[in-house]
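Start counting the sequence shown at 2; every next residue gets the next number (the numbering used here). Glycine residues also receive a C-beta, built at the ideal position from the N, C-alpha and C atoms. Have a look at the structure below before the remarks.
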Amino acid sequence: MSRPFLNMAARSSATAATASSRIAAAATSGPSRRTIVHSARARLPLSTRVHSPLLSPSLAAVRFYRPGFGQSREERAAAAAEAAELAANPLMRRNHDIPFQTVQLVDPATNKLDEPQSKSSILRNMDFSQEALVVVQADPPIVKIINLEEERHAKREFDARAKLQRKTSMEDKELQVPWNAAPSDMQHKINTARNILEKGDRVHLIFATRSGAGLKNKITEEQRLEIVKNFDVQLGMSAKKWKADDQTRGMWICYWQPLPSIQAEHRTKVVGVESDKKRIRDEKKEARRIKEAERLRKAEERKANGGN
2 MSRPFLNMAA RSSATAATAS SRIAAAATSG PSRRTIVHSA RARLPLSTRV HSPLLSPSLA
62 AVRFYRPGFG QSREERAAAA AEAAELAANP LMRRNHDIPF QTVQLVDPAT NKLDEPQSKS
122 SILRNMDFSQ EALVVVQADP PIVKIINLEE ERHAKREFDA RAKLQRKTSM EDKELQVPWN
182 AAPSDMQHKI NTARNILEKG DRVHLIFATR SGAGLKNKIT EEQRLEIVKN FDVQLGMSAK
242 KWKADDQTRG MWICYWQPLP SIQAEHRTKV VGVESDKKRI RDEKKEARRI KEAERLRKAE
302 ERKANGGN
């Protein structure tokens, strides 16, 4: 290493040592005693990695983190929105986060209000593994104790109903049918439309000329009527048109929806599938419960026998 570089490094080390000693002296006396912590820590920005050997060894290769570091912008925005919603709506607060110090408790036995009491006195007598204190009304503050297992069960039931509603609700779907498609392709389109209708959804059949078909593949009006009639005959056994056909600029749009009997059959099928899934989940849960109870029983037996 060249001598000029060594001299430069020595001067830098001396300068850093002098600055550190002055700041350390200031930190032990005067009004700035509590504000100055360390020279390097005070000067470096957050989430900055320190590698310089001129700094204290205890701070070498240390990363200082700020709140939200490592999260994406969307995640930070979602966390901020959730915190703002909690701050604005006290009804979403629970347990120690409830902002009221004096509250009225709903008696679970009589469903009547008790006399006003401190929130801390209620929390002291609660089992947080099974219970939670929630706000029923903000003004005046009224709270009640809920069972966490019952709350989870109610949420599962609500999610199951919402899922069933999504699966049985009628959706609108489109199916493109080229006028000049081959007979086998045309039959495939009919089968696809029939499958959509059997699942309880509407289907919009859009008949149009395929792009780049050319004049040699152009069909007559009689051929178009024959194609639409073929669809009407095959789909009419399980569906009906709920809207008049639209015909504009070579396009023909037909609006089909399943018959009420098809919709009822589809709903019954979906309910049966979901019931089977729930039964399998309950059986697995019960098997885990029995296994855990057996494990605890054997552990108690070993404990009673002195660990043998």
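- In the DSSP assignment, VAL274 is bridged to no other residue.
- In summary, PHE129 is exposed, with fewer than 16 beta-carbon neighbours lying within 10 Å of its beta-carbon over all protein chains present.
- Remark: C-beta atoms of ILE263 and LEU206 do not approach each other more closely than 8 angstroms.
- Inter-segment contact for the stretch 227-243 and the stretch 184-200 is present: three or more beta-carbon pairs are separated by less than 8 angstroms.
- Taking C-beta atoms as the reference points, ILE143 and PRO109 fail to come closer than 8 angstroms.
- Between MET252 and PHE208, the C-beta gap is smaller than 8 angstroms, which places the two residues in contact.
- By the neighbour-count definition (other C-beta atoms within 10 Å, threshold 16), VAL274 is an exposed residue.
- Burial check for GLY201: the Cβ neighbour count within 10 Å reaches 16 or more, so the residue is buried.
- A buried status is given to HIS267, since no fewer than 16 other beta-carbon atoms sit within 10 Å of its beta-carbon.
- One thing to note: LEU114 has its Cβ no nearer than 8 angstroms to the Cβ of GLN102.
- When ASN112, GLU175, ARG250, LEU198 are compared, the shortest CA-CA separation from LEU260 is found for LEU198.
- Rounded to the nearest angstrom, the Cβ distance from VAL271 to LYS168 is 5 angstroms, consistent with a contact under 8 angstroms.
- CA-to-CA, the gap between LEU124 and ARG153 works out to about 21 angstroms.
- For TRP253, DSSP records a beta bridge to PHE208, GLN248.
- In this structure, DSSP gives ASP173 an extended state, which the three-state scheme calls strand.
- The beta carbon of ARG250 lies closer than 7 angstroms to none in the same chain, with the five residues before and after it left out.
- Under the 10 Å beta carbon count, ALA81 is surrounded by fewer than 16 other beta carbons and is classified as exposed.
- If you draw a straight line from the Cα of GLN224 to the Cα of THR269, it comes to about 40 angstroms.
- C-alpha of ILE99 to C-alpha of LYS244: approximately 55 angstroms in a straight line.
- One alpha carbon belongs to LYS286, the other to GLU301, and they sit about 23 angstroms apart.
- Counting the other Cβ atoms within 10 Å of the Cβ of LYS120 gives 16 or more, which makes it buried.
- In this structure, LEU92 lies near VAL136, with their beta-carbon atoms less than 8 angstroms apart.
- Pairing ILE220 with MET187 gives a Cβ-Cβ distance that is not under 8 angstroms.
- Within the same chain, and ignoring the five residues on either side of VAL204 in sequence, the residues whose Cβ sits closer than 7 angstroms to its Cβ are LYS174, LEU176, ALA194, ILE197, LEU198, TRP257.
- Residue environment: ALA265 is assigned as exposed (fewer than 16 neighbouring CB atoms within 10 Å of its CB, all protein chains considered).
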